[in-house]
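Same order as they appear, the protein sequences are chains U and E. Residue 1 is where the first sequence starts when you use the numbering used here, and the numbers rise one by one after that. Residue 1001 is where the second sequence starts when you use the numbering used here, and the numbers rise one by one after that. C-beta atoms are modelled at their ideal positions from N, C-alpha and C, and glycine is treated no differently.
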Amino acid sequence: MFVAFFESVKYVGHLIPIAFLRVFLGYYYLDLAMTKFRGPFLVQPRFAGEIAEILPTLQAPIWYKNAIETFLIPHWQTIAFLLVGLQFAIAFSYLLGYVVRPMALIAAFLALNQLALTAAGTEELPRMLLAIHLTLAWVGAGRCLGLDYYFFKRRRGLWW
Amino acid sequence: MRHVIGFLAIVFAGLIGAQFLKNSRDTSRDARPVVRVFGPSSFVSQWGPGPWLKTQFEKTCDCRVEFVDGADSTILFQRVKSEARSGTDVVVGIDQYDLETASSSFEWRDLSKTGFVFDPAVQNALGHSKFIPYDWAPLAFMLRRSDHPQLPTKLDDLLAPTWAGQISMEDPRTSSPGLQFLLWLIHVKGEEPAFEYLKKFNKNVKSYAASWSMAYGLFTKRQVKAAFSYVTSPIFHVVEEKDTDVVAVEFQEGHFVQYEYVGVPTQCRQCELAEKFVALLLSPEGQKIVMEKNYMFPVIQGVKEGTPFVNVPPLRTVEPVNLPSLADRERILKKWSALRRME
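This is the structure:
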């Protein structure tokens, strides 16, 4: 595994800068998920409160606002758990370079929702994250310095 | 695909395990019985009366008080339902409009009112055997005298274009004062004229915040010139900021009153301790702290004597003969949401 980890540089060395970006984002998501896990995010409904507050002012389509109102806010605890779980999954995936392509697509989906739920004037970060996740998914960023290379070597497929 | 599912399963299993471990560590540190009190943020947070009551209660009960933050009343009941397995001993912060929801969603123990001398102002709120009010206050618009040489005297005065984007309101779907405003409007004007009024009034509203604290925060930060709040709110400014400029404006239409109740569900695990906690909440000391921390009137007679609360000018209050049913409220809130979406 160790050999394969570095062997990847020989074949996909041009992806090293992308691998660094991937690891940096992995750390960013790990920090995000840990802060939520240690704090009251999973047990206090502030997240639902904040969304309920901002919802009437959002420019999102009506069907999306309805879905948020009827599903997300009443089931805030399940959603909060899923969100933290997915953030941990993205973090480990990016740090280890494992199943990066599907995880990057999930991360892009989360960023898209974040973009839709962000107040006007503060949408730069989710927009940037969306672009980066899509890029990581496109190139299959786990192939360089990651476990995706160990499992799948140089075979290209839909999932890696 | 196998890799992806397996990976996600491991991460979520790890998260469930870590959460379980975190919860069991928190509870195993102390073997004393735990009284779980569910309440809104205004009650359980550091600046609310909850922490003081907890300290006082734990001095004598040989137990531990654990607060569960329910943000606002709507979310409060969801939390009581979702955490039923862990036990719910006391629920505070139920207003008169939530009583029907509370009664239909859970079973409650009878609470004795003997031994408490209630203020005559809350006599109308004492008709429930399972819930006891612990604070109250009429609701009104707060303004700064210096901003408005001519104070508004009726609801229609707030439709003037000079108020555009200058009023901070609470969302009636998530906040009790927001619901009170909507029902007050309907009570005063009738349903259709009330919604016609709202179409014009909403142009002057900066935002409908999810909770009272968020809405009132805009007013205290001077981002708006008026906020819908409790008539006792100006005392906060006098006590905390030595600012006497804030006033609760009296309207010709009269004002709705909010009562906050406490109840003990039959699913309680520490039922006796729960009733003792309620007794502490209604004791003169408990009432004084609720009054000072939540800036609401106490329900027990004599508690507010010698405090700035005596100086709050009495407003003419109106109380609906019949509270709207749950179905009626849902219908009205749907109509309100539809109106907001059309803007």
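Burial state of residue i, where buried means 16 or more other Cβ atoms lie within 10 Å
i	result
W138/U	exposed
S1146/E	exposed
K1081/E	exposed
R22/U	buried
M1296/E	buried
S1041/E	buried
F1219/E	buried
R38/U	exposed
F1020/E	exposed
P1265/E	buried
K1407/E	The first residue shown for chain E is 1001 and the last is 1343, placing residue 1407/E beyond what the model contains.
Chain E within 7 Å of residue i, Cβ atoms only
i	result
P61/U	no
F6/U	no
F88/U	yes
V23/U	no
A52/U	yes
V100/U	no
G97/U	no
G85/U	yes
Residue i, enclosing alpha helix (DSSP H) - first and last residue
i	result
F1057/E	1050-1061
R101/U	100-116
Q1180/E	1176-1189
K1221/E	Note, K1221/E: premise wrong, no alpha helix (DSSP H); not H, not E.
G26/U	16-38
V1238/E	1233-1241
K1325/E	Per the sequence presented here, residue 1325/E reads as Ser, with Lys not at that position. No alpha helix (DSSP H) contains S1325/E, which DSSP labels as neither H nor E.
Proximity test, residue i beta-carbon vs the ligand MG heavy atom, cut-off 6 Å
i	result
L1281/E	This structure lacks the ligand MG; in fact it carries no ligand of any kind.
Run of the beta strand (DSSP E) containing residue i, from where it starts to where it stops
i	result
L1143/E	1131-1144
A1382/E	Shown here, chain E extends from 1001 to 1343; a query on residue 1382/E therefore has no answer.
S1168/E	1167-1170
F1038/E	1034-1039
E1285/E	Run containing E1285/E: none in the beta strand (DSSP E); it sits in the alpha helix (DSSP H), 1284-1294.
G1263/E	1257-1263
Residue from the options whose Cα sits closest to the Cα of residue i
i	options	result
E1250/E	V1224/E, R1036/E, P1138/E	P1138/E
L58/U	G140/U, Y149/U, E123/U, L147/U	E123/U
R1173/E	E1330/E, F1007/E, R1341/E	E1330/E
P40/U	I1005/E, D1245/E, D1069/E, C1063/E	D1069/E
G1178/E	Y1208/E, I1010/E, V1246/E	Y1208/E
L145/U	A108/U, L134/U, A131/U, S93/U	S93/U
C1418/E	W1052/E, F1007/E, E1241/E, R1032/E	Outside the displayed range of chain E (1001 to 1343) lies residue 1418/E, so it cannot be described from this structure.
A1226/E	G1050/E, V1247/E, V1239/E, K1242/E	V1247/E
Y1261/E	S1168/E, Y1097/E, G1190/E	Y1097/E
L130/U	A108/U, A116/U, Y27/U	A108/U
D1258/E	M1214/E, A1121/E, H1148/E	The question names Asp, but residue 1258/E is Gln in the sequence shown. Closest option to Q1258/E, Cα to Cα, is A1121/E.
G27/U	L55/U, T118/U, F88/U	First, the amino acid is wrong: residue 27/U is Tyr here, not Gly. With distances taken between Cα atoms, Y27/U lies closest to F88/U.
Cutoff 7 Å: residue i Cβ touching any chain U Cβ
i	result
T1174/E	yes
A1215/E	no
L1182/E	no
F1195/E	no
A1210/E	yes
F1116/E	no
F1077/E	no
L1008/E	yes
V1004/E	yes
Stretch-stretch touch, CB-based, cutoff 8 Å, three pairs: the stretch 1161-1173 of chain E with the stretch 1199-1212 of chain E = yes
Is the stretch 1048-1062 of chain E touching the stretch 1283-1291 of chain E, taking contact as three or more C-beta pairs under 8 Å?
-> yes
Three-pair Cβ contact test at 8 Å for the stretch 9-19 of chain U versus the stretch 127-144 of chain U | Short answer: they touch.
Would you check if the stretch 1119-1136 of chain E and the stretch 1263-1281 of chain E touch, i.e. whether three or more CB-CB distances between them fall below 8 Å?
-> yes
Are three or more beta carbon pairs between the stretch 1140-1159 of chain E and the stretch 1215-1235 of chain E nearer than 8 Å?
-> Yes, the stretch 1140-1159 of chain E is in contact with the stretch 1215-1235 of chain E.
Is it a yes or a no for the stretch 61-79 of chain U touching the stretch 1101-1110 of chain E, going by three-plus beta-carbon pairs under 8 Å?
-> no
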